[in-house]
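Asks:
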Amino acid sequence: MNLKIISSFIISVGILFSPGCRSAVSTAMTAQKAKPACIIIYGDTQENNHIHRQLVDSMIMLNPAAVFHTGDMVMHGENENHWKAFNTITAPLLKKTKFYPALGNHDFNSLLYFDNFELPNNEQWYSVDIGNIHFIVLDTNWHIFKHSQQYEWLVNDLKTIKPHITFRIVVQHHPPFSSGHHRLDEKHLGDSIVPLSEKYGVDMVFSGHDHIYERLYHNNIFYIVTGGGGAVLYDKTREIPQSQVFFKKHHFCVLYPEDSRLVVKVFDKDMKLIDSFRKSKK
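Residue numbers (the working numbering): 577 to 858.
See the structure below:
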């Protein structure tokens, strides 16, 4: 089957993919500043290997340019068997794309984590540019208060983002806003990440920890809780004014970058669209 037939089939089935994802089959992707294919963010895979495998199988179909994980990849970061199971499930995906994880509390900053991945900077906190998006991955298990090592690194990173970047996205484990099970802002990110994000024009903050999907909005920033990668799901436990959409579903988020617009679609484990929103830049 030739490339034109494959491309025509992908478009005709109408699986709610944007032109960003379809561009993966285009030769334009070879250009230095070409828009990347879709980018996936998900988290809290932990113990339910069947659900995690189902989600990964769907991700592979999208041919993403990169996949980010919001942490809690395994139930116990010191358990080698847990990492073996995680690697077995994600191996087909990692053969096709780059994988950028954030450390979760269940990952325990384990040496097994650092042995498992090769990441920028110190592998705890780092940043990468994909197309016109600057991604910042943080370790919210570690000190991030003012003048801490991670805080100072973050300020410097935000100050030195390259001119061609249109969107700024933070990926971390603990959410500053959530209607889920855990204590609200248990890491006091409202004193660090939130004001820095507002000061330096961050567009979206993706977190996990609560095993839910939730879209929240605060001071022109979307805060997404994506903790539905396989862990046991949580109920909604509070009403907060920032919340816009809440689902108790296993899921993953797909980002479709365009020149001045970033579209996010969220699919459950059966590839049903459960949320869609966008951020535009004039």
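Every residue gets a Cβ at the ideal spot worked out from N, C-alpha and C, and that includes glycine.
1. Looking only at DSSP bridge pairs, what is Met-780 linked to?
2. Could you tell me the boundaries of the beta strand (DSSP E) in which Gln-630 lies?
3. Between Ile-769 and the ligand PLP, is the CB less than 7 Å from at least one heavy atom?
4. Please report the straight-line C-alpha distance between Ala-642 and Asn-795, rounded to a whole angstrom.
5. Does the Cβ-Cβ distance between Val-821 and Arg-854 come in under 8 Å?
6. Hey, quick one: how far does the alpha helix (DSSP H) through Phe-823 stretch, first residue to last?
7. For Phe-843, which option in Glu-623, Val-632 and Asn-681 has the closest C-alpha, if you only look at C-alpha atoms?
8. Are the beta-carbon atoms belonging to Gly-766 and Thr-621 less than 8 Å from one another?
9. Which residues in the same chain as Thr-606 place their Cβ atom closer than 7 Å to its Cβ, once the five residues preceding and following it in sequence are excluded?
10. Would you mind working out which of Val-731, Leu-838 and Gln-700 sits nearest Ile-769, comparing C-alpha positions?
11. If Gly-619 and Gly-803 are in contact, beta carbons under 8 Å, what's the gap, nearest whole angstrom?
12. The alpha helix (DSSP H) with Tyr-810 in it runs from where to where?
13. Taking just the CA atoms, how far does Leu-688 sit from Phe-657?
14. Residue range of the alpha helix (DSSP H) that Val-770 falls in?
15. Determine which residues share a DSSP beta bridge with Lys-848 and list them.
16. Can you tell me whether Ala-667 is helix, strand or coil according to DSSP?
17. Relative to the C-alpha of His-710, which residue among Asn-624, His-785, Ser-852 and Leu-838 is closest?
18. Within the continuous beta strand (DSSP E) that includes Asp-733, where are the two ends?
19. Taking the alpha carbon of Pro-833 as the point to measure from, which residue in Lys-825, Asp-779, Gln-818 and Glu-699 has its own alpha carbon closest?
20. Could you check the C-alpha separation between Phe-743 and Pro-771 for me, to the nearest Å?
21. Whole angstroms is fine: what's the gap from Pro-668's alpha carbon to Ile-636's?
22. Can you give me the C-alpha to C-alpha distance between Glu-623 and Met-651, rounded to a whole angstrom?
23. Between the Cα of Lys-735 and the Cα atoms of Ile-816, Lys-775 and Ile-720, which residue gives the shortest distance?
24. Of the residues Phe-798, Ile-788 and Leu-714, which one's Cα is nearest the Cα of His-758?
Replies: Taking the definition as stated:
1. Ile-745 and Phe-798
2. No beta strand (DSSP E) holds Gln-630; the alpha helix (DSSP H) holding it covers 625-638.
3. Among the ligands in the structure shown, none appear at all, so the ligand PLP cannot be discussed.
4. 28 Å
5. no
6. Taken as a continuous stretch (DSSP letters only), Phe-823 belongs to no alpha helix (DSSP H), being part of the beta strand (DSSP E) at 819-823.
7. Val-632
8. no
9. Because the pLDDT at Thr-606 is just 37, under 50, the model does not fix this residue reliably, and the value given afterwards should be weighed accordingly. There are no such residues.
10. Val-731
11. 5 Å
12. Tyr-810 -> no alpha helix (DSSP H), and no H or E assigned at all.
13. In the sequence as presented, Phe is not what sits at residue 657; that position holds Asn. Cα-Cα distance, rounded: 11 Å.
14. 769-775
15. According to DSSP, Lys-848 bridges with nothing at all.
16. helix
17. Leu-838
18. That residue, Asp-733, is in no beta strand (DSSP E); its alpha helix (DSSP H) goes 725-735.
19. Asp-779
20. 17 Å
21. 8 Å
22. 6 Å
23. Lys-775
24. Ile-788
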